[in-house]
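Written below as structure tokens is the structure these notes are about.
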Ligand SMILES: CC(C)(COP(=O)(O)OP(=O)(O)OC[C@H]1O[C@@H](n2cnc3c(N)ncnc32)[C@H](O)[C@@H]1OP(=O)(O)O)[C@@H](O)C(=O)NCCC(=O)NCCS
């Protein structure tokens, strides 16, 4: 188990050693070079910045420094940005997700402290680190690149937005009927989609365990098996610890780990350009529904179509459609809630994939106005982690992970 925390006094010396060892072993800095003294000086970083450590079995195995713009350890951060520096994982602890845990924690902390963006510099030969940054949704900012003694210094940035939270997520995909039992909001939508047919903890977990029998009984009465949405360890929401143990004992199994990704909407420009050739309608027509349901293997037929139509249209949304001569080749839905736009139902016909249509539809959906014509400020969507094609698409557009959950199904 890897724990990432702000360095305690007893962690600082080890953090400095890990930092030097990581850079010297990889040949990034020759032993004895002046920079090793700076890497080793974790005590100053702990005093002047946010020195993070990753601890495994009581041993410091990694470290990362977070410095807000204008503070001593920030080199390239501009106002509103937090800079990440000196990511280091002990050579013996590589390949176990320590680096990822450190960067993810730093992103969460920066977000929690109100930073608008995170920025970092990596040197061109640090390929492993660059793959890690790309995986976590950081994107290249080539216009900010600079040079260090050893080569080209590449700048990566990640725009930070809050997580929308389960309440907003449910509001943009409202079940056909809902019911509160203790802290759980139960969704019941004739079995169509887990999102529409699961129980969610909207705010607190108090009473979650005590209400479990009633939740199960309510689903059984509706002729459905109970499905519960639970935050994973990667979620900023409280971990579902004791609840998980009880669910295991009752024979629930965990299915479909899903990530919530978000990003700011950056003006009308990119959305407007992508929208050419895409039709926008206030309701899904049959062709739109067929376009979406065509990629959902578990559903088909008229019943599903009608339930889907009712489920989707419970809240105002825009339905975007791309067509070629033979008909619909791509669809996406954009539901507005406050200054958020929630994207869902992205689907591109198999014969039209890898031609940029998924990207164009996603960008076009960001531009969906609300009922008063106002554009959204921020966007979120959900994607199953097993869906690598969609995940890469979203990450390439600057979406970053803000939450994660699984479903427990009886
Ligand atoms: C995900 C999906 C919408 C992508 O549509 P698409 O039109 O093929 O995507 P694009 O051509 O715009 O791809 C944009 C980028 O996404 C990434 N990407 C798309 N498909 C990918 C794949 N199969 N593997 C890896 N990366 C992929 C690539 O980075 C790609 O850029 P590139 O082609 O320049 O390398 C499509 O695969 C699909 O309909 N899947 C089934 C439904 C689905 O999963 N929807 C998303 C639900 S959250």
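Numbering (this note's numbering), first residue to last: 1 to 410.
Note that beta-carbon positions come from the ideal geometry of N, C-alpha and C, so glycine has one too.
Shown here for residue 404: same chain residues with a beta carbon closer than 6 Å to its own, the five before and five after excluded, namely 232, 234, 235 and 259 in chain order. Listed in chain order, the non-local C-beta contacts of residue 102 below 8 Å within the same chain comprise 4, 52, 54, 62, 63, 64, 87 and 89, local neighbours out to five positions each way being set aside. DSSP places residue 235 in the coil class of the three-state scheme, outside both helix and strand.
Cα atoms of residue 26 and residue 20: separation of roughly 10 Å, rounded to the nearest angstrom. A Cβ-Cβ distance of about 7 Å is found for the pair residue 290 and residue 328, placing them in contact under the 8 Å criterion. Within a 10 Å sphere around the beta-carbon of residue 241 sit fewer than 16 other beta-carbons, which makes this residue exposed. Under the DSSP assignment, residue 41 falls outside any beta strand (DSSP E); it carries neither an H nor an E label. Apart from the 5 residues on each side of it in sequence, residue 402 sits with its Cβ closer than 6 Å to the Cβ of 163, 260 and 262 in its chain, given in chain order. Taken from the Cβ of residue 396, at least one heavy atom of ligand 1 lies inside 6 Å.
Taking the Cβ of residue 293 as the reference point, every heavy atom of ligand 1 lies at 6 Å or farther away. For the alpha helix (DSSP H) assignment, the uninterrupted runs of no fewer than 4 residues enclosed by the region 257-321 are, from N- to C-terminal side, 269-274, 286-293 and 301-312. At a threshold of 6 Å, residue 347 counts as near ligand 1, since its beta carbon sits closer than that to one of the ligand's heavy atoms. For residue 392, the Cβ falls inside the 6 Å cut-off from some heavy atom of ligand 1. Taking one beta carbon from each stretch, the region 342-349 and the region 239-258 have fewer than 3 pairs nearer than 8 Å; the two do not touch. Residue 44 has its alpha-carbon roughly 13 Å from the corresponding atom of residue 11. Comparing C-alpha distances from residue 195 to each of 70, 212, 218 and 168 shows the shortest one belongs to 168.
For residue 166, DSSP assigns no beta-bridge partner whatsoever. Relative to residue 264, the option among 386, 115, 226 and 70 whose CA is nearest is 115. Counting every other CB atom within 10 Å of its CB across the protein chains shown gives residue 9 a total below 16, marking it as exposed. With a threshold of 16 other beta carbon atoms within 10 Å, residue 146 falls short and is exposed. Residue pairing from DSSP places residue 64 in a beta bridge opposite 52. The beta carbon of residue 172 sits closer than 7 Å to the beta carbons of 315, 335, 337 and 342 from its chain, once the five residues preceding and following it are set aside; these are given in chain order. DSSP, read as helix, strand or coil, puts residue 124 in coil.
In the three-state DSSP reduction, residue 244 falls in the helix class (H, G or I).
Per DSSP, the unbroken beta strand (DSSP E) holding residue 201 starts and ends at 199-201.
For residue 26, the secondary structure class from DSSP, reduced to helix, strand or coil, is coil. Per DSSP, the continuous beta strand (DSSP E) segment holding residue 81 begins and ends at 81-89.
At least 7 Å separates the beta-carbon of residue 222 from that of residue 181.
Shortest gap from the CB of residue 136 to any heavy atom of ligand 1: 6 Å or more. In terms of side-chain proximity, the C-beta atom of residue 314 is found no nearer than 6 Å to any non-hydrogen atom of ligand 1.
Residue pairing from DSSP places residue 156 in a beta bridge opposite 120 and 140. Distance from the CA atom of residue 276 to the CA atom of residue 357, rounded to whole angstroms, is 11 Å. Contact annotation: residue 183 and residue 201 have beta-carbon atoms nearer than 7 Å. Boundaries cannot be given for residue 115, as no alpha helix (DSSP H) includes it and DSSP labels it neither H nor E.
The criterion of a C-beta distance shorter than 7 Å is satisfied by residue 312 and residue 284.
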